[in-house]
Amino acid sequence: MNKKFVELIKKGWKLKNEENKATYIDEVFLGAVITTLTDNGYVLMDIASDGNFHYFLFEHLENWDRVKILAEVLPHSLTDVKVIGARMFIEFSYGVMIKGIPPSLFGLGLKGYLSQKLSNIGSIRYDYDGYYTFVNCATYLLINDYIDFDTLEINWEKLNEDINTIISALSEYLEVYRKVE
Numbered sequence: 001m002n003k004k005f006v007e008l009i010k011k012g013w014k015l016k017n018e019e020n021k022a023t024y025i026d027e028v029f030l031g032a033v034i035t036t037l038t039d040n041g042y043v044l045m046d047i048a049s050d051g052n053f054h055y056f057l058f059e060h061l062e063n064w065d066r067v068k069i070l071a072e073v074l075p076h077s078l079t080d081v082k083v084i085g086a087r088m089f090i091e092f093s094y095g096v097m098i099k100g101i102p103p104s105l106f107g108l109g110l111k112g113y114l115s116q117k118l119s120n121i122g123s124i125r126y127d128y129d130g131y132y133t134f135v136n137c138a139t140y141l142l143i144n145d146y147i148d149f150d151t152l153e154i155n156w157e158k159l160n161e162d163i164n165t166i167i168s169a170l171s172e173y174l175e176v177y178r179k180v181e
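Using UniProt numbering, the letters of the sequence shown map in sequence onto residues 1 to 181.
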């Protein structure tokens, strides 16, 4: 067989594999997020998806605190991934179980006080869900910061550090609320 022909075919398949990788790098990232949370003592309690939005609910085994993640898969091509990076819109929610405190407590100005701590970098939203009160914050993450596109190798240390930073920061917004309990 012609050596040049074989090289062209191999190169073509390599390009096709890169195109395919660009379509599932976000799934690799979500799998890494799930793994990171389970490695930190959370169990995955609920999962749902409509194809574009993925919802995950985790509960910590020791303190029953919860983490909700709503992730929107943003379309990206091979060029996007290689030039600007694959992006994902994610809303992180952190919840604590607080019994006997009505959600109307936020009407007394506590929500405003806690939201001021965020300054002008974003917004915090509070939800009351049964016995749980959640604080939410949405952001964009650059998947390429955590996953090497060429090898699909995950930077576990950075992912773990960043997810724990997000959870820790969100938990601070509920500490005042928890102390009222």
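Just so you know, even glycine gets a beta-carbon here, dropped at the ideal spot from N, CA and C.
7 Å CB neighbourhood of residue i in its chain, flanking five on each side removed
i   : result
L74 : R87, M88, F89
F58 : L37, Y42, V43, L44, M45, R66, V67
Whole-number beta carbon distance between residue j and residue i, since they are thought to touch under 8 Å
i    : j    : result
I166 : A32  : Rounded, the Cβ-Cβ distance is 14 Å, inconsistent with contact.
G85  : I143 : 7 Å
L174 : T133 : 6 Å
Boundaries of the beta strand (DSSP E) in which residue i is found, first to last residue
i    : result
I46  : Looking at the sequence itself, residue 46 is Asp, so the reference to Ile does not match. 42-49 is the extent of the beta strand (DSSP E) around D46.
L142 : 132-142
Counted within 10 angstroms of its Cβ, other Cβ atoms place residue i as buried (16 or more) or exposed
i           : result
V6          : exposed
T139        : exposed
F92         : buried
L15         : exposed
F29         : buried
residue 184 : Beyond the ends of the chain as shown, which are 1 and 181, falls residue 184; an answer cannot be given.
Inter-residue spacing [alpha-carbon to alpha-carbon] between residue i and residue j
i   : j   : result
K11 : S77 : 19 Å
K3  : T23 : 31 Å
Run of the alpha helix (DSSP H) containing residue i, from where it starts to where it stops
i   : result
A32 : 3-39
L78 : 78-83
Spatial neighbours of residue i in its chain, beta-carbon cut-off 8 Å, leaving aside the 5 residues before and after
i    : result
E62  : G41
K158 : D145, Y146
6 Å CB neighbourhood of residue i in its chain, flanking five on each side removed
i   : result
F56 : I47, I69
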